[in-house]
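In this note's numbering, the protein residues as written are 6 to 426.
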């Protein structure tokens, strides 16, 4: 098997929340583990049946968290001394979300990234989940070791296009060598950790939707601006669009998870157009109008989560890319705030360049580093506004210990929303 060496930077990031349209400019991101939760002290956020027996039930309180865990490969996850994974487990244990969405986790395949690594059969292709992969379970176990009261009995790792070679026409361009960026098959994927059962028979990993099949795509714009021609059948999603239903007992909560390609053209000239169209596809899916893809059930209550690799105000993406999702009428766009300092709305930043190193090194002064808002957890309008939100982006001047912890964990910041169902 051959592997290409490509230049790539993966952008990802996370604080306590306001809508971008709010006038509340609270400067402080509260990094205390219990500061923004209505959950019970023992971490059990279930609603109880109404004691009066009148048939009404209290709401189910759910915390949903997201972290781009930065290049979490199998060898790192298995290394108990890896400082980055250890820090990430501590952060996730501290905030004890009921459901966690992780990006940049490797779908573990045997002998990758090095010989002797355990995992699924090396013939595994994109489009499935689990099937012998256990990295999500391993992360759950690392979290439990850091915070014994936090337990995730249900885990799932999807496998999308990252690291798999494109078998069709490539026009001699390295942009078309891989279905999605990754140094090896299964490199960058999505995992779910949950206190509640995952309805695995209804999980969908949409990986092979052809770019040219997206209505009103940006292929012609890319052709006009840089001469790039998309091969017939080339997949739109760099990784996959993942649909994961969670069984809460009284009802089902649907997770719609996406981690599109990073948008700067410096990484790959197709990236801004592909990122825009991946986000357009997400918006069309929420409309029930993504061709050939089964929509969510009528009246579904859902959460969109992921490193969307798009800042509504800053960055190198096409204008309006992430706004296609943030302005969607089916979503409540509320953003947690933290101690980010750069850009038009620095308090919303979830990414800080230079963090997430395996050796535990941290950034001395984040004010001179690259920062962006890239990560989102968005409740559906059918759920309503979150009861609380949080972003673990501590102030490096007044919360240095927590800042270093967040920086060791990833170049992205953990964020969450609390919802009532």
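Backbone N, C-alpha and C fix where the C-beta goes; we use that ideal spot for every residue, glycine too.
Span separating the alpha-carbon of residue i from that of residue j
{"i": "residue 339", "j": "residue 362", "result": "30 Å"}
{"i": "residue 316", "j": "residue 120", "result": "38 Å"}
{"i": "residue 212", "j": "residue 167", "result": "10 Å"}
{"i": "residue 288", "j": "residue 229", "result": "25 Å"}
{"i": "residue 97", "j": "residue 148", "result": "7 Å"}
{"i": "residue 400", "j": "residue 269", "result": "28 Å"}
{"i": "residue 218", "j": "residue 240", "result": "10 Å"}
{"i": "residue 39", "j": "residue 396", "result": "At residue 39 the pLDDT is 36, less than 50, meaning the model places this residue with poor confidence; the figure from the coordinates comes in the next sentence. Using only the alpha carbons, I get a separation of about 12 Å."}
{"i": "residue 247", "j": "residue 199", "result": "15 Å"}
{"i": "residue 145", "j": "residue 156", "result": "7 Å"}
{"i": "residue 99", "j": "residue 152", "result": "7 Å"}
{"i": "residue 329", "j": "residue 284", "result": "7 Å"}
{"i": "residue 298", "j": "residue 368", "result": "43 Å"}
{"i": "residue 261", "j": "residue 307", "result": "7 Å"}
{"i": "residue 134", "j": "residue 162", "result": "5 Å"}
{"i": "residue 141", "j": "residue 101", "result": "16 Å"}
{"i": "residue 375", "j": "residue 277", "result": "18 Å"}
{"i": "residue 305", "j": "residue 366", "result": "43 Å"}
{"i": "residue 309", "j": "residue 169", "result": "26 Å"}
{"i": "residue 336", "j": "residue 426", "result": "15 Å"}
{"i": "residue 412", "j": "residue 358", "result": "9 Å"}
{"i": "residue 159", "j": "residue 136", "result": "14 Å"}
{"i": "residue 225", "j": "residue 382", "result": "31 Å"}
{"i": "residue 349", "j": "residue 321", "result": "14 Å"}
{"i": "residue 3", "j": "residue 351", "result": "Past the boundaries of the shown model lies residue 3; the chain is included only from 6 to 426, so the question cannot be answered."}
Residue i in three-state terms, based on DSSP
{"i": "residue 194", "result": "strand"}
{"i": "residue 3", "result": "The shown model of the chain, from 6 to 426, leaves out residue 3, and the question about it has no answer."}
{"i": "residue 402", "result": "coil"}
{"i": "residue 217", "result": "helix"}
{"i": "residue 374", "result": "coil"}
{"i": "residue 310", "result": "strand"}
{"i": "residue 133", "result": "strand"}
{"i": "residue 164", "result": "strand"}
{"i": "residue 81", "result": "helix"}
{"i": "residue 410", "result": "helix"}
{"i": "residue 279", "result": "helix"}
{"i": "residue 422", "result": "strand"}
{"i": "residue 95", "result": "helix"}
{"i": "residue 318", "result": "coil"}
{"i": "residue 330", "result": "helix"}
Spatial neighbours of residue i in its chain, beta-carbon cut-off 7 Å, leaving aside the 5 residues before and after
{"i": "residue 295", "result": "286, 289"}
Local Cβ density within 10 Å of residue i, reported as buried at 16 or more and exposed below that
{"i": "residue 355", "result": "buried"}
{"i": "residue 179", "result": "exposed"}
{"i": "residue 403", "result": "exposed"}
{"i": "residue 231", "result": "exposed"}
{"i": "residue 62", "result": "exposed"}
{"i": "residue 311", "result": "buried"}
{"i": "residue 223", "result": "buried"}
{"i": "residue 143", "result": "buried"}
{"i": "residue 26", "result": "Here the model assigns residue 26 a pLDDT of 38, short of 50, so the residue's position is not dependable and the matter cannot be decided."}
{"i": "residue 111", "result": "buried"}
{"i": "residue 184", "result": "buried"}
{"i": "residue 76", "result": "buried"}
{"i": "residue 221", "result": "exposed"}
{"i": "residue 243", "result": "buried"}
{"i": "residue 271", "result": "exposed"}
{"i": "residue 341", "result": "buried"}
{"i": "residue 406", "result": "exposed"}
{"i": "residue 237", "result": "exposed"}
Beta-carbon proximity list for residue i, same chain, < 6 Å, skipping 5 on both sides
{"i": "residue 250", "result": "204, 207, 257, 259"}
{"i": "residue 346", "result": "372"}
{"i": "residue 227", "result": "233, 278"}
{"i": "residue 113", "result": "79, 124, 138, 140"}
{"i": "residue 117", "result": "189"}
{"i": "residue 92", "result": "410, 413, 414"}
{"i": "residue 131", "result": "164, 165, 166, 169, 212"}
{"i": "residue 408", "result": "399, 401"}
Residues near residue i by beta carbon distance below 8 Å, same chain, minus five either side
{"i": "residue 252", "result": "201, 202, 203, 204"}
Closer than 8 Å to chain C by CB, residue i
{"i": "residue 370", "result": "In the structure shown, chain C cannot be found, because there is only a single protein chain."}
**Message:** Within 8 Å, do at least three Cβ pairs link the region 182-197 to the region 99-112?
**Reply:** With three or more CB-CB distances shorter than 8 Å, the region 99-112 counts as touching the region 182-197.
**Request:** Give a yes or no on contact between the region 85-93 and the region 125-136, applying the rule of three or more CB pairs nearer than 8 Å.
**Result:** Short answer: they don't touch.
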